[in-house]
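Have a look at the structure below before the remarks.
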Amino acid sequence: MDKRLLTCAALCVGDRLADIGTDHGYLPCYMVKNGLCKTALACDVAEKPLQSAKEHISRSGLENSIETVLSDGLDSVDSNGITDISIAGMGGELIADILSRAEWVRKNRVNLVLQPMTKWDVLRKWLYDNCFEIKKELPSQEGRFVYSVMQAVYTGEKPSYSCDLRYLYCGLVSADSPDGRAYLERQAFRLETAGRGMLGSGEKSELAAEMLKTAESIRFELSKEV
Ligand SMILES: C[S@@+](CC[C@H](N)C(=O)[O-])C[C@H]1O[C@@H](n2cnc3c(N)ncnc32)[C@H](O)[C@@H]1O
Numbered sequence: 096m097d098k099r100l101l102t103c104a105a106l107c108v109g110d111r112l113a114d115i116g117t118d119h120g121y122l123p124c125y126m127v128k129n130g131l132c133k134t135a136l137a138c139d140v141a142e143k144p145l146q147s148a149k150e151h152i153s154r155s156g157l158e159n160s161i162e163t164v165l166s167d168g169l170d171s172v173d174s175n176g177i178t179d180i181s182i183a184g185m186g187g188e189l190i191a192d193i194l195s196r197a198e199w200v201r202k203n204r205v206n207l208v209l210q211p212m213t214k215w216d217v218l219r220k221w222l223y224d225n226c227f228e229i230k231k232e233l234p235s236q237e238g239r240f241v242y243s244v245m246q247a248v249y250t251g252e253k254p255s256y257s258c259d260l261r262y263l264y265c266g267l268v269s270a271d272s273p274d275g276r277a278y279l280e281r282q283a284f285r286l287e288t289a290g291r292g293m294l295g296s297g298e299k300s301e302l303a304a305e306m307l308k309t310a311e312s313i314r315f316e317l318s319k320e321v
């Protein structure tokens, strides 16, 4: 378990976890072994990672508590009793696509723990447009990489925060920790680079200006926090 997966574990809340794209099955094994949930499903679309999850589960003596499921996203996952779904280490677009195909996630108000590697803006926009509220967001820095893990739930209403560039790039991450500061720095840099690139090529000048303004306000926020 690395720091990023430990951050995912910290945002799970219930008794039965479905870990989608489980690969080695580290997260469900850690959760059950430490009594953080009672049972889990370790799910993956590919046979090879699922086999590796099976071996890890068996080495840990957790066969009675963790089932492996071959599934594209949530398509073959039995929703019965699932309290938490974790989807980590995938692109934001793929995470949004997986969630959009499983109506029961909304109906059952499942606690979602999402860690996009790329396209966090696409995922945050999808969550906002589809009435999922981000309740908490935790940054996690590992070496030169910095991630954000979101805890979200379907509420049936548009969230009270606005879907602006600050939200799309930074979500609820704040500057009150070294990891949070690192995440905000990185996102401000991305906004600035994208904004300058657009201005340079003469396209979408309004959006470019908005990006540069947002980057500046994040930097200002960072200059105030100690
Ligand atoms: C980079 S690994 C992430 C492993 C682990 N979740 C983590 O964060 O460390 C991505 C895993 O997602 C799986 N995957 C990719 N697309 C998937 C899909 N549509 N449904 C389920 N699993 C998928 C891959 O087979 C791979 O095992």
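If you're matching positions, the sequence shown starts at 96 in the numbering used here and goes up one per residue.
Beta carbons: idealized from backbone N, C-alpha and C, even for Gly.
On a predicted model such as this, the values are computed, not experimentally measured, just so you know.
If you reduce the DSSP assignment to three classes, tell me which class Pro211 lands in. Walking along the sequence shown from the start, residue 211 turns up at place 116. Note: Pro211 maps to strand in three-state DSSP.
How many angstroms separate the CA atom of Gly186 from the CA atom of Leu263? Position 91 of the sequence shown, counting from 1, holds the residue named residue 186. Position 168 of the sequence shown, counting from 1, holds the residue named residue 263. Here the alpha carbon of Gly186 sits roughly 15 Å from the alpha carbon of Leu263.
Beta-carbon contacts of Asp179 that lie in its chain and below 6 Å, excluding the five residues immediately before and after: The residue you call residue 179 lines up with position 84 of the sequence shown. Counting only Cβ-Cβ distances below 6 Å, and skipping sequence neighbours, we find Cys107, Gly109, Leu112 and Asn206.
At the level of alpha carbons, what is the spacing between Thr117 and Arg219? Working through the sequence shown from its first residue, we reach residue 117 at position 22. Working through the sequence shown from its first residue, we reach residue 219 at position 124. Those two C-alpha atoms are separated by around 22 Å.
With DSSP as the reference, please indicate the residues paired to Ser235 in a beta bridge. For the purposes of this step, residue 235 is taken as the residue at position 140 of the sequence shown. For Ser235, which the question treats as bridged, DSSP gives the partners Tyr242.
If contact is defined by three or more beta carbon pairs under 8 Å, each pair taking one atom from either stretch, is the stretch 190–207 in contact with the stretch 217–233? yes
Terminal residues of the alpha helix (DSSP H) in which Cys132 lies: Translated into the one-based positions of the sequence shown, residue 132 becomes position 37. Segment: none, Cys132 is in no alpha helix (DSSP H) and carries neither H nor E.
Quick one: complete alpha helix (DSSP H) runs, 4+ long, within the stretch 245–291? 260–265
Taking 8 Å as the cut-off, does the CB of Asp114 come closer than this to any heavy atom belonging to ligand 1? Working through the sequence shown from its first residue, we reach residue 114 at position 19. Result yes, Cβ under 8 Å from ligand 1.
Closer than 8 Å to a non-hydrogen atom of ligand 1 - does that hold for the CB of Met185? On the sequence shown, residue 185 is found 90 positions in, with the first residue counted as 1. Because some heavy atom of ligand 1 lies under 8 Å away, the Cβ of Met185 counts as near it: yes.
With a cut-off of 8 Å on the beta carbons, I'd call Ile182 and Leu209 a contact; round off their distance for me. For the purposes of this step, residue 182 is taken as the residue at position 87 of the sequence shown. For the purposes of this step, residue 209 is taken as the residue at position 114 of the sequence shown. That belief holds up - the Cβ atoms of Ile182 and Leu209 are roughly 5 Å apart, short of 8 Å.
Presumed contact (8 Å Cβ cut-off) between Ser155 and Lys128, rounded CB distance: Position 60 of the sequence shown, counted from the first residue, corresponds to residue 155. Position 33 of the sequence shown, counted from the first residue, corresponds to residue 128. Yes, Ser155 and Lys128 are in contact; Cβ-Cβ is about 6 Å, under 8 Å.
If Tyr249 sits next to Val200, beta carbons under 8 Å apart, how far is it from one beta carbon to the other, in whole angstroms? Start at 1 with the first residue of the sequence shown, and residue 249 comes out as number 154. Start at 1 with the first residue of the sequence shown, and residue 200 comes out as number 105. About 7 Å separates the two Cβ atoms, so the contact holds.
Which same chain residues, not among the five before or five after Leu286, have their C-beta less than 8 Å away from its C-beta? Residue 286 sits at position 191 when you count from the first residue of the sequence shown. Once the five neighbours on either side are set aside, the close Cβ partners of Leu286 are Leu260, Tyr264, Met306, Leu307, Thr309, Ala310 and Ile313.
Confirm the yes/no value for this check: CB of His151, any heavy atom of ligand 1, distance under 8 Å. Translated into positions along the sequence shown, residue 151 becomes position 56. No, since every heavy atom of ligand 1 falls outside the 8 Å radius drawn around the Cβ of His151.
Does the distance from the C-beta atom of Asn203 to that of Ile177 stay below 9 Å? Counting from one through the sequence shown, the residue named residue 203 turns up at place 108. Counting from one through the sequence shown, the residue named residue 177 turns up at place 82. Result yes, Cβ atoms of Asn203 and Ile177 sit closer than 9 Å.
Cβ of Thr409 versus every heavy atom of ligand 1: is any distance shorter than 8 Å? Here the chain covers residues 96 to 321 and nothing more, so residue 409 does not appear.
Which of the three DSSP states, helix, strand or coil, is assigned to Ala183? To locate residue 183, count along the sequence shown from 1; it is residue 88. Reduced to three states, the DSSP call for Ala183 is strand.
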